[in-house]
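**Q**
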Amino acid sequence: MQTDARSILACVIEKTEDGFYKLGTREGIINSLYACSQFALSHKQFVQLDEVPITSATILLQSVASSQATGNGQGFNGIKCNSKCHGSNSYCNK
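So the mapping is simple: the working numbering equals the position in the sequence shown, first residue as 1, plus 58.
(1) Would you mind stating whether Phe-78 and Tyr-92 have Cβ atoms separated by less than 8 Å?
(2) Please tell me whether Ile-71 and Lys-80 are closer than 8 Å, where the distance is taken between their beta carbons.
(3) Can you say whether Cys-69 is buried or exposed, counting buried as having 16 or more other CB atoms within 10 angstroms of its CB?
(4) Which residues in the same chain have their Cβ closer than 8 Å to the Cβ of Ser-125, if we skip the five residues on either side of it in sequence?
(5) Leu-119 lies in the alpha helix (DSSP H); which residues open and close that run?
(6) Could you tell me if Ile-87 is buried or exposed, where buried requires 16 or more neighbouring beta carbons within 10 angstroms of its beta carbon?
(7) Do you know offhand how far Ser-121's Cα is from Thr-83's?
(8) Taking the alpha-carbon of Leu-118 as reference, which of Lys-102, Ile-112, Asn-89 and Phe-97 has the nearest alpha-carbon?
(9) Identify whether Asp-62 lies in helix, strand or coil by the three-state DSSP scheme.
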């Protein structure tokens, strides 16, 4: 599902009487409710209901987005080089 400017993988856990949706991820249940206009359904099932940990604690959308992100948030690979190898084949020089 897609929300705002972030893309996360989630599934619908519950629909409230008011028409809002509770979303769950592999990281847990998101602490906010969402209108159907705030996310897009996928024809593929990336997250199954049995993969969502059911606990009383909920998580922030930002936490889910951070844990599912492949970069470090700014579009750069987060590599910290602690070696002194800085040769032409080093990843640090690319």
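Where is the CB? At the ideal position from N, CA and C, for every residue including glycine.
**A** For this structure:
(1) By 1-based counting over the sequence shown, the position of residue 78 is 20. By 1-based counting over the sequence shown, the position of residue 92 is 34. For the 8 Å CB-CB criterion, Phe-78 and Tyr-92 form a contact.
(2) Residue numbering aside, residue 71 sits at position 13 when the sequence shown is read from its first letter. Residue numbering aside, residue 80 sits at position 22 when the sequence shown is read from its first letter. Yes, these two residues count as a Cβ contact at 8 Å.
(3) In the sequence shown, counting from the first residue as 1, residue 69 sits at position 11. Burial call: buried.
(4) Locating residue 125 in the sequence shown gives position 67, where the first residue counts as 1. Around Ser-125: Glu-85.
(5) Here residue 119 corresponds to residue number 61 of the sequence shown, with the count starting at 1. Its alpha helix (DSSP H) spans residues 119–126.
(6) Position 29 of the sequence shown, counting from 1, holds the residue named residue 87. Label assigned to Ile-87: buried.
(7) Locating residue 121 in the sequence shown gives position 63, counting from the first residue. Locating residue 83 in the sequence shown gives position 25, counting from the first residue. One C-alpha to the other measures close to 11 Å.
(8) In the sequence shown, the residue the question calls residue 118 occupies position 60. Considering only alpha carbons, the answer is Asn-89.
(9) For the purposes of this step, residue 62 is identified with residue 4 of the sequence shown, where counting begins at 1. Below a pLDDT of 50, predicted positions are generally treated as unreliable, and Asp-62, at 43, falls in that range; the measurement from the model is reported next regardless. The answer is coil: DSSP assigns Asp-62 none of H, G, I, E or B.
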